[in-house]
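**Q** Note that the protein sequences, when read in sequence, are chains G and X.
At position 97 of the first sequence the residue is numbered 97 (the working numbering), and the sequence of numbers has no breaks.
At position 371 of the second sequence the residue is numbered 371 (the working numbering), and the sequence of numbers has no breaks.
Don't be surprised by glycine CBs; every beta carbon is placed ideally from N, CA and C.
Before I ask anything, let me first share the structure, which is written out below as structure tokens.
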Amino acid sequence: MNAVRILVCFKVTPDYEALREADWVAGEGGGAHGSGAAGGGTGAASRVETRYVPRILDCFDESALEMALRMREAAAGGTVPVELGAISIGGKEVERHLKTLQALGYERVTRVDTDADLDFAPTVTASIIARYVENTNNTDLLMLGWRSGPHDGGTVPFLVAEELGWPCLTQVTEVVVLSSDRVRVAHVVDDGVLRVTVRLPCVLGVGNAVVARLRVPTLTDRLAQRGAPVERVQGGDLGIDVAAELAREASVLADLEVIRRDRPGVIVGGESPREKAQTLFDSCLKSMIEKL
Amino acid sequence: MSLRRATIVEGLQHILGADSVVTDERILKESSIDRFRMFEDIHGVYTQPIPAAVAMARSTEQVAGVLRFANEHGINVVARTGRTATEGGLETAVPDSVVLDGSGMNQILAIDAYNMQATCQCGVPLQVLEDRVREHGLTTGHSPQSKPLAHMGGLTATRSIGQLSTLYGGIEDMIVGLEAVFPDGTVTRIKNVPRRAVGPDIRHVIIGNEGTLCYITEVTVKLFPYLPENNIFLGYTVDTMKTGFEVLREVMVNGYRPSVARLYDPADGAYHFAHFVPEGLSVLIFVAEGPAGIAKATAEGIEAIVAQHPECRQVESRYISTWFADLNWGPDKIAREREDILQTGNINRTTEVSGDWGCINDIYENALRRIIEEIPDITMAGGHSSHSYINGTNMYFNYFYNVVDCGPEEEVTKYHTPINRIICEETLRYGGAIVHHHGLGKARTPWVRDEYGSSYYILEGLKRAFDPKGIMNKGTIIPA
Ligand SMILES: Cc1cc2nc3c(=O)[nH]c(=O)nc-3n(C[C@H](O)[C@H](O)[C@H](O)COP(=O)(O)OP(=O)(O)OC[C@H]3O[C@@H](n4cnc5c(N)ncnc54)[C@H](O)[C@@H]3O)c2cc1C
């Protein structure tokens, strides 16, 4: 039986939660995440400076990467072999994540080598992924996190699917391999969860899945894969001039505004828990219940 | 509920009032452990004897009442405040123990900006005290990573240390006086003076007792001017840990006192610094603080020492200040960690020891080599030095493993204890100390006799003298 060949796209992003509030300044950053000096493609100083915070996998991408591993495990006992590939667009910071994926059993790992800042350039990202899939012609199922950071509009899965002419489902929470050309997909829609059987090839945008964390390889796993090759591809190899594409899609960060979600807290006083509960009920809960 | 449990609860209710005695089963189970058994807790498995009740004390008199009652009836008492213990100190090793919780004793009693000292009850979270004294332009100088969670009682009881220790010292350097209650209900107060020579320094019977001799109800700590505007952050990559230790030593021996002096090995450093440090390098970090002139002189002195070591390369200081701003652990990080562990089965553990300059690198290298060789399923093993002294430094081993092929209740025996054994054996072999700042708890008691050697006589004597009936936190510090 033919194998199902899964390719998971992931992005290594700055850990925005590690940014100090004082560092959320528009116009400080120099462009690419890896180093301020090397970026600049979309107009240096048009970004928040993020190079001082660690790089992490986006949480939705992390889900997608773990889901693919579990899909293989679930399918392994049956008759359908599953092959796993992973691809990321970025600089050297991507390499250690690719090595981790190799240690976890991903057979093909690829870095599209660029220091350019693609944060606000979903069409460029989508073109790179689509061209890679077309050129290599060895992907049946393409999985991506549905969005990869606070700057991301969640459009990349749709744009890739459009370029490839493949069907696309987003907000995916579960995938099961049924056969070499069919998967069963659970995805969140407006009024609940829909389960559908999809014929491959297709694109899946992973959403808020229960499986949210990527497992961790042991030092022995890592040692076993030391020296395993990482495929490196340039934009030019895919027929894409990344800098020129970015110039066409240039966007400038104009302004930033802090959205305050703090709510005032009130300490409920009283001699005993019973008295406090009564005060809480009288002052807040009672009127809320009455409104229902 | 057995009659005995019922009688204990009744007795406590009589002393504290019914509302202050908790007997909810889920809470009792969670109160039978601390983070040493967090893997069991995350999976809802509880292997330790379940306490009879959690007693919420609101005053020194109530603490005295509960201890007197327990002492009279031979009931084991586990003192508790912030619940961040990592070494089993909060485990209720004896059936029908009472957990005596002082988190409700949370009043700051005085901030004396003239005499530079603050007094508070045991249940005041350090973060609360720190925020309050900062309103006066002051700081406690105490900054453990658990600052948002840990309370002053527990911090004193474990001989805790903060990230700024090289300048401000450990908690033992900060405490000027305290109030503590002994098992027979005796309330003792040690007055707040700059120094005295009136016999042994009895503060040290109380500081670090981990709830095995007495219950700490009140502490007075020193205050310092808070001058963050003068802070200078320095960071360097360094090829080997051996050179890193050498630089730390030279900084200390030449009389410089940066508040932070840290050395990360490549594995541990990768968790924090992979975005600016090439793979395989160690990282040295310093923060110079204090009055502007002192901070500047300290930074210049350190820079001159580092310049003597060509393998050290400076990194931009903003990397260090950004990292430093995100170090502490609040409830958000604890919640995220639980979710990570539940989903991946991968858990992070630490063991901190100390040694003099002559042996610390040997302890580091040998323990790490053995952990990697002897323990299965390790996903990361590394460490850092974070507290330096004129004669040596600490080593904080930091390691992760996947828990596989065993139940939650076997995690400690399959992984954590064997790793602790390796680290303690290697540390003792070179003459270091098996615990630097988390406390012995119950986790490292198998090695306590070797740690103390002939001075174990003094430790046993203290226990006999102050807790003759052995009701205080059985199995902690002194093996059961
Ligand atoms: C994320 C994290 C980071 C940490 N970082 C640091 C660090 O940087 N530096 C450091 O030193 N430690 C650190 N710790 C360990 C821990 O925070 C300290 O040991 C702290 O001092 C415990 O204080 P607590 O109030 O939480 O005490 P608890 O956890 O409640 O108790 C700790 C021990 O003290 C005893 N005890 C508690 N209250 C009293 C009392 N009133 N009288 C007598 N005995 C008492 C208990 O019986 C127990 O043995 C960290 C822990 C965590 C979880």
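Where does P14(G) fall in DSSP's three states?
**A** strand
**Q** Can you name the residues of chain G whose CB is closer than 8 angstroms to the CB of T379(X)?
**A** Result: V216, P217, T218 and L219.
**Q** Nearest chain X C-beta to P273(G) closer than 8 angstroms, yes or no?
**A** yes
**Q** Which residue or residues does DSSP assign as beta-bridge partners of N402(X)?
**A** Its beta-bridge partners are N346(X).
**Q** Note down, in chain order, all residues in the stretch 333-351 of chain X with a beta-carbon under 8 angstroms from any beta-carbon belonging to chain G.
**A** Listed by position along the chain: E339, D340, Q343, T344, G345 and N346.
**Q** Is it the case that the Cβ atoms of C214(X) and F182(X) are separated by a distance below 8 angstroms?
**A** yes
**Q** Considering just the uninterrupted stretch of the beta strand (DSSP E) at E21(G), what are its terminal residues?
**A** Where E21(G) is concerned, there is no enclosing beta strand (DSSP E), given that its DSSP letter is neither H nor E.
**Q** In whole angstroms, give me the CA-to-CA distance for K469(X) and P479(X).
**A** 15 angstroms
**Q** Exposed or buried, S282(X), counting other C-beta atoms within 10 Å across all chains shown (16 or more means buried)?
**A** Answer is buried; the Cβ neighbour count reaches 16.
**Q** Using only alpha-carbon positions, find the residue among G383(X), S317(X) and V98(X) that is nearest to D268(X).
**A** Among G383(X), S317(X) and V98(X), the Cα nearest to that of D268(X) belongs to G383(X).
**Q** Please classify I171(X) as buried or exposed, where buried requires at least 16 other C-beta atoms within 10 Å of its C-beta.
**A** Per the 10 Å Cβ criterion, buried.
**Q** In the DSSP assignment, find the unbroken alpha helix (DSSP H) run with A243(G) in it and report its ends.
**A** V242 to R248
**Q** Helix or strand or just coil, what does DSSP make of V98(X)?
**A** Strand at V98(X).
**Q** Does V183(G) pass the burial test, meaning 16 or more other C-beta atoms within 10 Å, or should it be called exposed?
**A** V183(G) is buried by the Cβ-count criterion.
**Q** Report all residues from its chain with a CB closer than 8 angstroms to the CB of F276(X); omit the five preceding and five following residues, and keep chain order.
**A** V315, E316 and Y319
**Q** T140(X) and V221(X) - do their beta-carbons sit closer together than 8 angstroms?
**A** Yes, Cβ-Cβ distance for V221(X) and T140(X) is below 8 angstroms.
**Q** On the criterion of 16 or more Cβ atoms from any shown chain inside 10 Å, does D332(X) qualify as buried, or is it exposed?
**A** exposed
**Q** Relative to ligand 1, is the shortest distance from any of its heavy atoms to the C-beta of P201(G) smaller than 7 angstroms?
**A** no
**Q** Inspect the beta-carbon positions of I419(X) and Y399(X) and report whether they are closer than 8 angstroms.
**A** yes
**Q** Tell me the rounded alpha-carbon separation between L118(G) and M67(G).
**A** Answer to the nearest angstrom: the Cα atoms are 25 angstroms apart.
**Q** Looking at chain G, is there any beta carbon in it that lies within less than 8 angstroms of the beta carbon of Y319(X)?
**A** yes
**Q** To the nearest angstrom, report how far apart Y401(X) and L428(X) are at their CA atoms.
**A** 24 angstroms
**Q** Would you verify that the beta carbon of E93(G) is, or is not, closer than 8 angstroms to some beta carbon of chain X?
**A** yes
**Q** Could you pull out every residue in the same chain whose Cβ sits closer than 6 angstroms to the Cβ of T119(X), ignoring the five residues on either side in sequence?
**A** So the qualifying residues of the chain are L109, A110 and T220.
**Q** Label V193(X) either buried or exposed according to how many other C-beta atoms from any shown protein chain fall within 10 Å of its C-beta, with 16 as the threshold for buried.
**A** So V193(X) ends up on the exposed side.
**Q** Is it buried or exposed for Q107(X), if we count other Cβ within 10 angstroms and need 16 for buried?
**A** Exposure of Q107(X) is indicated by the presence of fewer than 16 other C-beta atoms within 10 angstroms of its C-beta.
**Q** Buried or exposed: which applies to V252(G), given that a residue is buried once 16 or more other Cβ atoms fall within 10 Å of its Cβ?
**A** V252(G) comes out exposed.
**Q** Could you check what DSSP says for K222(X) in three-state terms: helix, strand or coil?
**A** strand
**Q** Closest Cβ-Cβ distance between H43(X) and chain G: below 8 angstroms?
**A** no
**Q** Are the C-beta atoms of Y132(G) and some chain X residue less than 8 angstroms apart?
**A** For Y132(G), the closest Cβ of chain X is not nearer than 8 angstroms.
**Q** Who are the near neighbours of T188(X) in its chain, counting only those whose CB is closer than 6 angstroms to its CB and skipping five residues on each side?
**A** A180
**Q** How would you label I56(G), buried or exposed, when you count the other beta carbons within 10 angstroms and need 16 or more for buried?
**A** buried
**Q** Taking the alpha-carbon of G89(X) as reference, which of E218(X), F36(X), D326(X) and D265(X) has the nearest alpha-carbon?
**A** F36(X)
**Q** Can you pull the chain X residues whose beta carbon is under 9 angstroms from the beta carbon of A74(G), in chain order?
**A** Correct list: empty, because the minimum Cβ distance to chain X is about 17 angstroms.
**Q** When you compare the stretch 73-91 of chain X with the stretch 127-135 of chain X, are there three or more beta-carbon pairs, one atom per stretch, that lie closer than 8 angstroms?
**A** no
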